[in-house]
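*Asks:*
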Amino acid sequence: MGAIIYQPYAMTQFMENLLEDDIRAQEAAMLEDIEGRLREFEKERKNLIPMLQMIQERHAYLSADALQMVADKLELALCEVYGVATFYNQFRFHPPGKHHMKVCLGTACHVRGGDIILENFERKLGIGHGETTPDREFSIERVACVGCCALAPVVIVDETAHGHVAPSKVEGLILGFQVEKEKEERERQQNESRE
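Counting from 1, position 39 in the sequence shown corresponds to residue 173 in our numbering; the numbering is continuous, with no gaps.
Pasting the structure below:
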């Protein structure tokens, strides 16, 4: 019997497939929940925004399928529902990451390099403003002002304010979460191997 050779690509592909299966299952459960909740609303156009708010509140974003379900319920064109949803800043169209980065670009933060910090987050994570990494670990959002001007530039990470953020601190913030995720994964694997 030959030795087992570790194949990083095969393992990476295996993990990506598991992640995709998990995401599909989550999305199916989300759509089932939305379908049930939409039954509570009368078929009137005045319910459009409350429906969108309910979905956003329960699931943190509006998927294309969710928008279509609302359009079908209200017998509206999808483009009309999308037009209303995109008019308001409160609605998101991508699932938020487990760790959500809000980079302040208010006047004080902008003058002190907030735009450079945003670019560093985008480059390090490989996503743009308003997007989420494929593994749904991180998402980035630019915000107008977080009210911490004395600490500029400011980044809010998971509702915790980080002040005086230098561009060089961006990688450290991300790395801390990646190390935490790897530790949790190792612990999960150890627990599974004990069972």
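Even glycine gets a Cβ: it sits at the ideal position worked out from N, Cα and C.
Could you tell me which residues DSSP pairs with threonine 294 in its beta bridges?
*Replies:* DSSP output for threonine 294 lists Val291 as bridge partner(s).
*Asks:* How far does the beta strand (DSSP E) with valine 299 in it reach, from first residue to last?
*Replies:* Looking at the DSSP string, valine 299 is not in any beta strand (DSSP E), and its letter there is neither H nor E.
*Asks:* Which residue or residues does DSSP assign as beta-bridge partners of isoleucine 274?
*Replies:* Paired residues: Met235.
*Asks:* Measuring alpha carbon to alpha carbon, tell me which of Lys315, Asp292, Val237 ends up nearest histidine 263.
*Replies:* Minimum Cα distance to histidine 263 is reached at Val237.
*Asks:* Assuming the contact rule is C-beta atoms closer than 8 Å, glycine 247 and leucine 239 should be a hit. Round their C-beta distance to whole Å, please.
*Replies:* 10 Å between Cβ atoms; not a contact.
*Asks:* Indicate, with yes or no, if the ligand COA has a heavy atom lying under 7 Å from the CB of glutamine 224.
*Replies:* The ligand content of the structure shown is nil, which means the ligand COA is not present either.
*Asks:* Flag this pair as yes or no: are the beta carbons of leucine 196 and alanine 162 separated by less than 8 Å?
*Replies:* Their beta carbons are not under 8 Å apart, which means leucine 196 does not touch alanine 162 by this criterion.
*Asks:* Please work out which residues of its chain come closer than 8 Å, Cβ to Cβ, to methionine 203, disregarding the five sequence neighbours upstream and downstream, and give them in chain order.
*Replies:* Counting only Cβ-Cβ distances below 8 Å, and skipping sequence neighbours, we find Leu165, Ile168, Glu169, Leu172.
*Asks:* Using alpha carbons as the reference points, say which of Ala211, Gly217, Val289, Lys232 lies closest to histidine 244.
*Replies:* Among Ala211, Gly217, Val289, Lys232, the Cα nearest to that of histidine 244 is on Val289.
*Asks:* Count the other CB atoms within 10 Å of the CB of valine 313; is the residue buried (16 or more) or exposed (fewer)?
*Replies:* So valine 313 counts as exposed.
*Asks:* Leaving out five residues before and five after glycine 297 in sequence, what residues of the same chain have Cβ atoms less than 7 Å from its Cβ?
*Replies:* Cys282, Leu285, Val288, listed in sequence order.
*Asks:* Give the secondary structure of threonine 267 by DSSP, where H, G and I count as helix, E and B as strand, and everything else as coil.
*Replies:* Coil at threonine 267, not helix or strand.
*Asks:* Within 10 angstroms of the Cβ of asparagine 325, are there 16 or more other Cβ atoms? Answer buried if so, exposed if not.
*Replies:* Asparagine 325 is exposed by the Cβ-count criterion.
*Asks:* Which residue's Cα is closest to the Cα of glutamate 271: Arg320, Leu309, Gly217?
*Replies:* The residue with the shortest Cα to Cα distance from glutamate 271 is Leu309.
*Asks:* State the start and end residues of the unbroken alpha helix (DSSP H) segment that holds leucine 210.
*Replies:* Here leucine 210 belongs to no alpha helix (DSSP H), and DSSP marks it neither H nor E.
*Asks:* Please state whether the Cβ-Cβ distance between glutamate 265 and histidine 234 is less than 8 Å.
*Replies:* No; because the gap between Cβ atoms is not below 8 Å, this pair is not in contact.
*Asks:* Would you report the Cα separation of alanine 278 and alanine 159, rounded to the nearest angstrom?
*Replies:* Those two C-alpha atoms are separated by around 35 Å.
*Asks:* Using C-beta distances below 8 Å, list every residue in its chain close to arginine 226, excluding the 5 sequence neighbours before and after it, in chain order.
*Replies:* Excluding positions up to five away in sequence, the list reads Gln190, Ala194, Tyr195, Leu196, Gly264.
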